[in-house]
Amino acid sequence: MKKFVLTLFVFSAASFAFGQGAVVSKYFDKFEDDETFTKVSVSSKMFSLFTEMEGNTDDEKEFLDVISKLKGMKVVASEKVSDPKGLYSSAISDVSKAGYEELMTVKDAEENVKISIKEKEGIIEELILVAGGKEKFAMVSLYGVIDLKQVSKLASMMRMSELKYLKNLDGDEE
Amino acid sequence: MGSQIDKLLEKYWNGETSLEEETLIKEHFKKNPALGNEGQYFRYLADQKKVSYEGSTSTLRKKTWLSAAATITIGLITAGLVFNDAKKDPFAIDDPEKALQATKEALLMIGSELKQGQDHTLELTKINKAKEELQDDS
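These protein sequence lines are chains G and X, in that order. Okay, so the first sequence: first residue is 675 according to this note's numbering, each after it adds one. Okay, so the second sequence: first residue is 10 according to this note's numbering, each after it adds one.
Below is the structure:
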């Protein structure tokens, strides 16, 4: 009986671990065969590889410092969505249902962006960004220890020069 | 009778008795429950013979069932993990350079939104200040 309980515990722990990123995974599955959607996932293994790297410049060092605390990243994005508004609102409701707290919303003529987080003892452990434009839709989620100050500092330090993999995610029209 | 039993017992402890002789010994002690240590030993042997198999097979079955359940559970967990892994894999970036680039872009995107949010908040405070000043003037 003890073994049985232990097995159940292990099982639930395992499913909890996979529960992380469940919201984004749902959209991964939804658009699995849709070529117009960019789907990117960076595993914790990959992030552990990054910790071995050393930066040459200050902003590189800052960047590596931020990612050394991350454990995973998932992105689903598309530039041409048939119903971006519907997708945006369904994503928003999924995110809040999954227990994320809304951190901020930015609305302008071009797009809506909502950033939601999961906190534990003052430390942000998960962050989800949902963006919906006129045609664009994007979901970015991060896991690990996320320092918002550092992340926003990064943005002012580095320039969005080479958007190769997540094109047009910055909200600026190119 | 007593001497015959003693002889048989001696044979028994030497391991030379036949099955029939052993039965004789057992029956003797069964008939004389008052006899001491050796009597207890043979009555114990007789009692043990009476223990039926039914009880032990049921515990055996229970154990088999438990181990089968455990095997199935382990199998399910493994399958679940493998399945989950396979499900996660198709979009995972294997090239560290690309993964780094993608992470960079995602972080910059989040960062710029955060910054934009802060800027908007600043603007709002400015507007509110202006509004307050106007209200104070009127």
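No residue lacks a Cβ here, since even glycine has one placed at the ideal position from N, Cα and C.
Starting from residue i, follow the beta strand (DSSP E) in both directions and report where the run begins and ends.
i, result
"Tyr53(X)", "Unbroken run through Tyr53(X) is the alpha helix (DSSP H), 46-59; no beta strand (DSSP E)."
"Ile798(G)", "797-807"
Between which two residues does the alpha helix (DSSP H) carrying residue i extend?
i, result
"Thr112(X)", "105-146"
"Ser718(G)", "718-724"
"Phe38(X)", "28-40"
"Phe705(G)", "Per DSSP, Phe705(G) belongs to no alpha helix (DSSP H) and is neither H nor E."
Using a threshold of 7 Å, is the CB atom of residue i nearer than that to any non-hydrogen atom of the ligand HEM?
i, result
"Lys72(X)", "This structure lacks the ligand HEM, and indeed carries no ligand of any kind."
With a CB to CB cut of under 7 Å and the five nearest residues on each side skipped, what residues in its chain are close to residue i?
i, result
"Asp846(G)", "Reliability of the predicted coordinates at Asp846(G) is poor, the pLDDT of 44 falling under 50, and the value obtained from them is presented with this limitation in mind. For Asp846(G), where only same-chain residues beyond five positions count, there are no Cβ hits under 7 Å."
"Lys831(G)", "As written in the sequence, residue 831(G) is Met, which differs from the Lys given in the question. These residues qualify, in order along the chain: Asp733, Glu736."
"Ala691(G)", "At Ala691(G) the pLDDT is 49, less than 50, meaning the model places this residue with poor confidence and gives no usable figure here."
"Leu761(G)", "Val755, Gly806, Phe811"
"His37(X)", "Ile14"
"Leu777(G)", "Ile789, Ser790, Ile791"
"Met727(G)", "Leu738"
If I measure Cβ to Cβ from residue i and keep anything under 6 Å in the same chain, skipping five residues before and after, which residues do I get?
i, result
"Gly729(G)", "Lys735, Leu738"
"Leu109(X)", "none"
"Glu800(G)", "Lys792, Tyr817"
Please return the same chain residues whose Cβ sits closer than 8 Å to the Cβ of residue i, not counting the five positions on each side in sequence.
i, result
"Phe711(G)", "Phe705, Val750, Ala751, Ser752"
- Message: Between the stretch 759-769 of chain G and the stretch 785-804 of chain G, can you find at least three pairs of beta-carbon atoms closer than 8 Å?
- Response: Enough Cβ pairs lie closer than 8 Å, so yes.
- Message: Tell me which residues of the stretch 118-139 of chain X have at least one Cβ-Cβ distance to chain G shorter than 8 Å, keeping chain order.
- Response: Result list: Met118, Ile119, Gly120, Ser121, Glu122, Leu123, Lys124, Gln125, Gly126, Gln127, His129.
- Message: Contact between the stretch 823-830 of chain G and the stretch 115-122 of chain X is defined here as three or more beta-carbon pairs at a separation below 8 Å; is this criterion met?
- Response: Taking one beta carbon from each stretch, the stretch 823-830 of chain G and the stretch 115-122 of chain X have 3 or more pairs nearer than 8 Å; the two touch.
- Task: Note down, in chain order, all residues in the stretch 711-728 of chain G with a beta-carbon under 7 Å from any beta-carbon belonging to chain X.
- Result: Answer set for the stretch 711-728 of chain G: Lys713, Val714, Ser715, Val716, Ser717, Met720, Leu723, Phe724.
- Task: Say whether the stretch 10-19 of chain X touches the stretch 33-52 of chain X, bearing in mind that this needs 3 or more beta-carbon pairs closer than 8 Å, one atom from each stretch.
- Result: Yes: the two stretches touch, three or more of their Cβ pairs being nearer than 8 Å.
- Task: Write down every uninterrupted run of the alpha helix (DSSP H) in the stretch 741-825 of chain G whose length is 4 residues or greater and which is fully enclosed by it, in chain order.
- Result: Fully enclosed alpha helix (DSSP H) runs of 4 or longer: 758-771.
- Message: Pairs of beta-carbons, one from the stretch 132-140 of chain X and one from the stretch 744-757 of chain G, closer than 8 Å: are there three or more?
- Response: Segments in contact, no.
- Query: Counting Cβ pairs closer than 8 Å, one from the stretch 700-719 of chain G and one from the stretch 789-800 of chain G, do we hit at least three?
  - Reply: Touching, no.
- Message: Output needed in chain order: residues of the stretch 818-831 of chain G with a Cβ under 7 Å from some Cβ in chain X.
- Response: Residues of the stretch 818-831 of chain G whose Cβ lies closer than 7 Å to any Cβ of chain X, in chain order: Leu822, Val825, Ser826, Leu828, Ala829, Ser830.
- Task: Check distances from the C-beta atoms of the stretch 767-797 of chain G to those of chain A and list, in chain order, the residues that come in under 7 Å.
- Result: The structure shown contains no chain A; its protein chains are G and X.
- Give the residues from the stretch 733-753 of chain G that approach chain X closer than 7 Å (Cβ to any Cβ), ordered along the chain. Taking 7 Å as the Cβ-Cβ cut-off against chain X, the residues of the stretch 733-753 of chain G that qualify are Phe737, Val740, Ile741, Met747, Val749.
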